[in-house]
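Participant: Attaching a single structure in structure tokens format; questions to follow.
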Amino acid sequence: MLIYFHGNCAFSLPNFMTHRASLWDTIRLLHLPPPADFSDQSDMGQSRRISNNDYCSQRWHYRHIDCLPERIACGACTEWLRRMLIDCHTHVSPSRGDDLLRELNRVAVTHAIVMIIPSAMTITEEGDYALEINDMTLERMREDNRRLGTWARDVAPNPLPRVMNSSFHDRRQSVDEQTENNRRDLPRRAALLPFAWLDYRIKQAASFFEQLVARYHFKGLKIHQAFNGPADDRYFDLVDKAVALDIPIMIHTGFRESAPAKNIGILASQFPRGKFICAHLLEESGLNAKSDYFRLANDHGNVYLECSYVRHPRRLREFVRAVGADRILFGSDFPFGAGDIAWDLTKVRWAGIDDDAKEKILWKNAAALFEL
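Okay, here's the thing in structure tokens:
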């Protein structure tokens with residue numbers, strides 16, 4: 001029996017077909033060529049037949065359905081996405097940094113927000129973060145980027161360094177060899193825009209964050225409610241610093257009772273000049289319903305919604321109808337979530353919204369928010 005793993009769930013093929021309820025999913029799962037009579041539903045509600053001419057010979061994906069590098073390889077894919085693709089929620093760690101870069105390259109993501117924990121270096125016996133070691137490690141990461149020729153494209157008045165994991169130091173490969181490998185990839189690889197995942201318990205956390213922004217070009221602050229809620233006034237100094245620097249603040253929601261969406265509303269009211277991003281949009285019984293997210297966005301014009309856990313195109317369409325497309329951001333939560341950015345893109349492609357709304361979600365809103 002064929003077993004399909006999706007997130008934390010496993011489905012046998014018949015159950016998977018019931019769970020997804022679409023012939024298209026079965027085709028993707030089995031890597032089958034398109035049947036002669038297969039039709040899909042276009043954005044305008046008109047039925048369109050998919051022929052073998054729509055099948056990309058490079059891989060098993062279909063043109064105009066998945067946003068994948070086939071549009072570069074065969075030159076005929078995804079007319080609906082022409083310029084940027086910005087993933088507003090990814091993660092990197094020493095063991096997964098290369099996986100992230102490969103995935104971004106595979107899906108032709110142009111920019112990705114990556115959550116980095118600067119405090120992951122060491123902690124002193126007194127419980128304080130050793131900023132000197134943090135500083136040394138960040139400098140080493142920046143030097144890696146410079147020497148290996150992996151600077152990001154000019155996405156702002158000043159070039160942003162692409163912060164990559166420091167595992168390059170463990171590789172037995174010369175700088176010249178690595179640079180040549182970069183040249184063999186896409187002409188320009190994704191620009192990583194780092195967010196600092198900080199805890200208010202760090203001594204002088206606000207000044208440390210300011211240093212990350214000024215010296216290492218960090219583009220945002222990440223607060224994880226599951227560990228320490230942002231409504232705690234001890235976070236206010238850190239949030240106030242981000243607001244003063246005009247830096248967006250992403251706040252985790254879902255998975256635990258300590259992470260309700262309403263907490264973001266508290267901060268949004270306390271800091272009306274702040275730019276807040278509600279992460280995930282995960283709907284859970286008794287915690288966060290879609291109505292809670294609707295209310296949050298409609299009550300606070302300074303809150304954006306990142307949709308990495310909106311799992312169905314129909315649900316994304318409901319969000320667009322309820323709050324508009326101007327403050328919805330595409331995100332994948334890679335390598336968590338579905339673990340496949342291309343799969344996450346299908347919910348935007350099939351949401352039944354117009355092309356302008358799709359472009360806003362996939363890159364325009366983020367480009368404006370992060371001043372790219």
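In UniProt numbering, the protein residues as written are 1 to 372.
Note that the Cβ used here is the ideal one computed from N, Cα and C, for glycine as well.
None of these values were measured; they are calculated from a predicted model.
Kindly indicate which residue of W343, R349 and G301 has the alpha-carbon position closest to the one of G324.
Facilitator: G301
Participant: By DSSP, does I361 sit in helix, in strand, or in coil?
Facilitator: Looking at I361 - three-state DSSP - the assignment turns out to be helix.
Participant: Report yes if the CB atom of I116 is closer than 7 Å to the CB atom of P194, and no otherwise.
Facilitator: yes
Participant: Looking only at DSSP bridge pairs, what is F218 linked to?
Facilitator: Note: F218 sits in no beta bridge, so no partner.
Participant: Where does Y200 sit, in a helix, a strand or coil, going by DSSP?
Facilitator: Y200: coil per DSSP, three-state reduction.
Participant: Hey, V92 and A342 are a contact pair by Cβ (cut 8 Å); roughly how many whole angstroms apart?
Facilitator: That belief does not hold up - the Cβ atoms of V92 and A342 are roughly 19 Å apart, past 8 Å.
Participant: By the DSSP assignment, the beta strand (DSSP E) with T90 in it spans what residues?
Facilitator: I86 to H91
Participant: In the DSSP output, what is P194 paired with across the bridge?
Facilitator: V114
Participant: In whole angstroms, what separates the C-alpha of G254 from that of F294?
Facilitator: 15 Å
Participant: Given this structure, state the Cα-to-Cα distance separating A357 from R315, to the nearest angstrom.
Facilitator: As the crow flies, the alpha-carbon of A357 is around 15 Å from that of R315.
Participant: Thinking Y304 and R327 are a contact (beta carbons under 8 Å), I'd like their distance in whole angstroms, please.
Facilitator: 5 Å
Participant: Would you please state the rounded distance, in angstroms, between the beta carbons of G265 and E306? I believe it to be under 8 Å.
Facilitator: So it is not a contact: roughly 16 Å between Cβ atoms.
Participant: So for A279, helix, strand or coil by DSSP?
Facilitator: strand
Participant: G286: buried (16+ other C-beta within 10 angstroms of its C-beta) or exposed?
Facilitator: exposed
Participant: Check whether the Cβ atoms of P313 and A338 lie closer than 7 Å to each other.
Facilitator: no
Participant: Could you pull out every residue in the same chain whose Cβ sits closer than 7 Å to the Cβ of N288, ignoring the five residues on either side in sequence?
Facilitator: T253, G254, P260, A261 and L282
Participant: Express the C-alpha separation of T110 and F271 in angstroms, rounding to a whole number.
Facilitator: 31 Å
Participant: Contact defined as beta carbons within less than 8 Å: I believe L198 pairs with L238. What is the distance between those atoms, to the nearest angstrom?
Facilitator: 6 Å
Participant: Hey, would you say F370 sits closer than 7 Å to K219, going by beta carbons?
Facilitator: yes
Participant: Whose CA, out of D344, V114 and S207, lies closest to the CA of A191?
Facilitator: The candidate whose alpha carbon is nearest that of A191 is V114.
Participant: S308: which of S291, F336 and D299 sits nearest, CA to CA?
Facilitator: F336
Participant: Measure the C-alpha to C-alpha separation of L245 and D299 and round it to an integer number of angstroms.
Facilitator: 24 Å
Participant: Rounded to the nearest angstrom, how far is the Cβ of A206 from that of K241, given a contact under 8 Å?
Facilitator: 4 Å
Participant: Spatial neighbours of R317 within its chain, please: CB distance less than 8 Å, with the 5 preceding and 5 following residues excluded, ordered by chain position.
Facilitator: A351, G352 and I353
Participant: Over what stretch of residues does the beta strand (DSSP E) that includes I249 continue unbroken?
Facilitator: I249 to H252
Participant: Going by DSSP in three states, F334 sits in which element: helix, strand or coil?
Facilitator: strand
Participant: Starting from the Cα of I247, find the closest Cα among N263, L212 and H224 and give me that residue.
Facilitator: L212
Participant: Using only the alpha-carbon positions, how far apart do H280 and V310 sit?
Facilitator: 7 Å
Participant: What are the boundary residues of the alpha helix (DSSP H) that V320 is part of?
Facilitator: Secondary structure note for V320: its alpha helix (DSSP H) is the uninterrupted segment P313 to V323.
Participant: Mapping DSSP to helix, strand and coil, what is E371?
Facilitator: coil
Participant: May I ask you to report which of helix, strand or coil DSSP gives Y309?
Facilitator: coil
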